[in-house]
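Here the sequence shown is numbered in numbering that gives the first Met the number 0, starting from 0 and rising by one per residue. Down below is the structure, laid out as structure tokens.
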Amino acid sequence: MSLINSKVSAMFFDQVVTVTDHNVTWEKIQNCLYNLYGKATYNSWLSSLRFVSSSNEEVLLSVPTRFIKEWITVHYMEKILSLWQSEDKNIRSVDIRVTGEEKDLSSNAIAKSKEESNNHSLGSPLDPRFTFDNFVVGKPNELAFTAAKRVAESIIDPISGSNPLFLYGGVGLGKTHLMHAIAWYIVNSLPAKIKVVYLSAEKFMYQYITALRSKDIMLFKEQFRSVDVLMVDDVQFISGKDSTQEEFFHTFNALIDQNKQLVISADRSPSDLDGVEERIKSRLGWGLVADINETTFELRLGILQIKVEQMNIYVPDDVLEFLAKNIKSNIRELEGALNKVVHTSLIGRSITVESASETLADLLRSNHKPITIAEIQKKIAEFFNIKVADMHSNRRLRALVRPRQVAMYFAKKFTQKSFPDIGRSFGGRDHATVIHAVNQIENFIRTDSNFADEINQLKKMFK
Ligand code: ADP
Ligand code: MG
0 MSLINSKVSA MFFDQVVTVT DHNVTWEKIQ NCLYNLYGKA TYNSWLSSLR
50 FVSSSNEEVL LSVPTRFIKE WITVHYMEKI LSLWQSEDKN IRSVDIRVTG
100 EEKDLSSNAI AKSKEESNNH SLGSPLDPRF TFDNFVVGKP NELAFTAAKR
150 VAESIIDPIS GSNPLFLYGG VGLGKTHLMH AIAWYIVNSL PAKIKVVYLS
200 AEKFMYQYIT ALRSKDIMLF KEQFRSVDVL MVDDVQFISG KDSTQEEFFH
250 TFNALIDQNK QLVISADRSP SDLDGVEERI KSRLGWGLVA DINETTFELR
300 LGILQIKVEQ MNIYVPDDVL EFLAKNIKSN IRELEGALNK VVHTSLIGRS
350 ITVESASETL ADLLRSNHKP ITIAEIQKKI AEFFNIKVAD MHSNRRLRAL
400 VRPRQVAMYF AKKFTQKSFP DIGRSFGGRD HATVIHAVNQ IENFIRTDSN
450 FADEINQLKK MFK
């Protein structure tokens with residue numbers, strides 16, 4: 000390992016320590032303030048306080064007016080600071096900014112440094128939590144992680160990376176996290192020398208269109224072509240946008256020609272990017288294409304364990320296992336679920352599997368296995384107060400026919416079953432009966448708003 004690399008890991012070690020999630024800490028402190036001063040005081044003075052940012056030692060909060068700032072500073076600041084320090088002993092000061100001032104400050108900063116503001120507006124800000132150290136590696140993301148790390152290292156140390164690196168996978172599985180991690184790695188290793196730009200494909204498109212409109216296209220080209228590492232996130236968004244695609248392709252080629260690094264992400268593989276020209280698809284797949292797969296139980300559990308450690312909050316193992324077992328959709332949702340569960344403890348309740356499943360009832364339902372026709376029949380029968388058996392029976396009473404038709408309609412909407420399948424599940428009826436039922440219900444929805452309301456109400460029961 001080179002000297003630079005060992006310095007880098009030392010820096011990262013520092014960062015891991017500071018990564019205690021200050022957003023979560025702030026939520027905790029708000030709850031303390033509420034309990035300390037009571038609802039009336041809290042609502043009048045403290046509820047407008049917002050967490051803006053934090054570094055190792057400083058916390059920045061904001062309020063909407065100067066007056067509130069002064070009031071808080073005089074009456075509550077000491078307490079706020081000591082609460083922060085009891086959560087994070089590194090904190091030395093808490094500052095409050097008036098929201099109006101924030102704008103002034105940043106526009107000053109831009110005026111002060113044209114060069115900086117250019118760089119800034121070219122890319123998007125990086126999330127400080129998205130580093131390699133905070134990325135939990137498991138089977139589903141191992142390839143993507145290794146490739147990303149290698150690309151980052153290859154910028155610092157001339158080893159061979161992959162160019163372009165194309166990361167793809169479903170939503171919330173860590174693509175953006177890895178791209179930011181590459182950027183942090185480089186920025187923290189060789190700050191000034193290397194120009195790293197991260198942005199979404201949408202922002203690229205926006206910049207391009209803005210440049211066209213203000214006839215600044217030369218500047219646009221120049222800026223993007225002078226970048227050392229360009230990372231464009233979610234390129235599926237440029238599908239069908241022909242002139243943006245064209246420009247993206249030129250930028251891409253110009254940078255590759257100069258041996259500059261490109262990192263691209265999308266929600267699907269290059270060849271599956273519909274609405275993107277063939278030659279672009281094929282170029283995108285020239286380097287390394289690494290996919291991130293759906294999460295496994297082990298990865299989800301690993302991620303939860305690391306997050307609670309960082310939050311410095313105790314969550315029983317069985318609760319973590321419960322979450323990892325039930326929230327399978329993606330990591331973003333998993334984190335959201337954990338935050339909700341942790342919140343329970345902030346309001347003074349203990350975290351148990353029961354409290355977690357209560358807190359997450361909605362989320363758990365949507366992560367649940369697909370709904371079956373039998374469940375639909377049962378719910379609809381309950382709603383209309385008829386017997387489930389009447390879903391299957393031949394009785395033609397209107398009071399039975401309508402609920403049966405509604406159930407068939409939902410069976411078509413909410414399951415993958417075909418018309419004949421659905422017919423069979425309703426006492427062996429034929430497909431024409433089901434089609435007729437679905438058409439009829441759709442007609443009623445269109446023409447009778449009371450009926451439409453009822454259907455909506457029913458729909459919610461299945462969500
Ligand atoms: P994507 O860009 O693929 O939609 P993100 O990179 O935004 O997903 O990830 C969603 C959230 O999940 C982020 O908060 C990210 O930090 C977190 N995350 C994703 N993968 C991991 C991982 N392997 N380890 C830790 N956190 C992860
Ligand atoms: Mg993303």
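Note that beta-carbon positions come from the ideal geometry of N, C-alpha and C, so glycine has one too.
Using DSSP bridges, identify the partner residues of residue i.
i	result
V97	V62
V195	V228
L142	BP columns for L142 are empty, so no partner.
L164	V262 and L287
E297	DSSP, once it has assigned bridges, lists no residue as partnering E297.
S52	L59
S92	E57
Report yes if the C-beta distance between residue i and residue j is below 9 Å; otherwise report no.
i	j	result
F236	R282	no
V150	D94	no
I291	G160	no
S225	K194	yes
S354	R348	yes
D233	D266	yes
A548	I379	Residue 548 lies beyond the range of the chain shown here (0 to 462); nothing can be said about it.
V51	L60	yes
I185	I158	no
A146	L121	no
F247	I279	yes
S275	F321	The question names Ser, but residue 275 in the sequence shown is Val. Taking 9 Å as the Cβ cut-off, V275 and F321 do not qualify as a contacting pair.
L32	K78	yes
I312	N162	no
F129	L177	yes
L363	K339	no
F472	V196	Because the chain in this structure spans residues 0 to 462, residue 472 falls outside the shown range and cannot be described.
K240	M204	yes
S328	D273	no
L80	I67	no
Among the options, which residue has its Cα nearest to the Cα of residue i?
i	options	result
T295	V135, I346 and S356	V135
S365	N449, K459, D87 and Y408	K459
E221	S199, A253 and S424	A253
A180	K214, M230, K259 and S270	M230
A323	M310, K306, N30 and L272	K306
A289	E141, V433 and T432	E141
R96	N311, T64, H342 and E441	T64
R401	E374, F450 and T130	F450
F382	F461, P315, N338 and R428	F461
S199	M217, T243, V23 and L287	T243
L337	E308, L303, Q439 and L362	L303
D87	N55, E69 and W70	N55
P127	G301, S53, D447 and R212	S53
R395	T432, K416, D156 and F409	T432
F409	D429, N384, I440 and D447	I440
L287	I444, G335, E308 and A143	A143
D20	N34, V73, L211 and N133	N133
R428	S448, N393 and I216	N393
F131	N258, N187 and G335	N187
D361	I385, Q376 and G335	G335
Since residue i and residue j are thought to touch, with beta carbons under 8 Å apart, how far apart are those beta carbons, to the nearest angstrom?
i	j	result
V387	K411	At roughly 19 Å, the Cβ-Cβ gap does not stay under 8 Å, so V387 and K411 are not in contact.
S268	L166	Not a contact, Cβ separation roughly 10 Å.
L319	I326	Not confirmed; about 11 Å, so no contact.
L261	A182	Wrong, their Cβ atoms sit about 13 Å apart, outside the cutoff.
L345	K38	L345 to K38, Cβ: 16 Å. No contact.
R299	G171	12 Å between Cβ atoms; not a contact.
R403	F425	7 Å
T414	I454	Rounded, the Cβ-Cβ distance is 17 Å, inconsistent with contact.
L23	M310	Looking at the sequence itself, residue 23 is Val, so the reference to Leu does not match. Confirmed, about 5 Å.
I372	I434	The Cβ separation is near 16 Å, so there is no contact.
S123	K202	6 Å
E293	G137	At roughly 11 Å, the Cβ-Cβ gap does not stay under 8 Å, so E293 and G137 are not in contact.
T40	V62	Not a contact, Cβ separation roughly 15 Å.
Under 7 Å, CB to nearest heavy atom of the ligand MG: contacting residues: K174, T175, D232, D233 and S264
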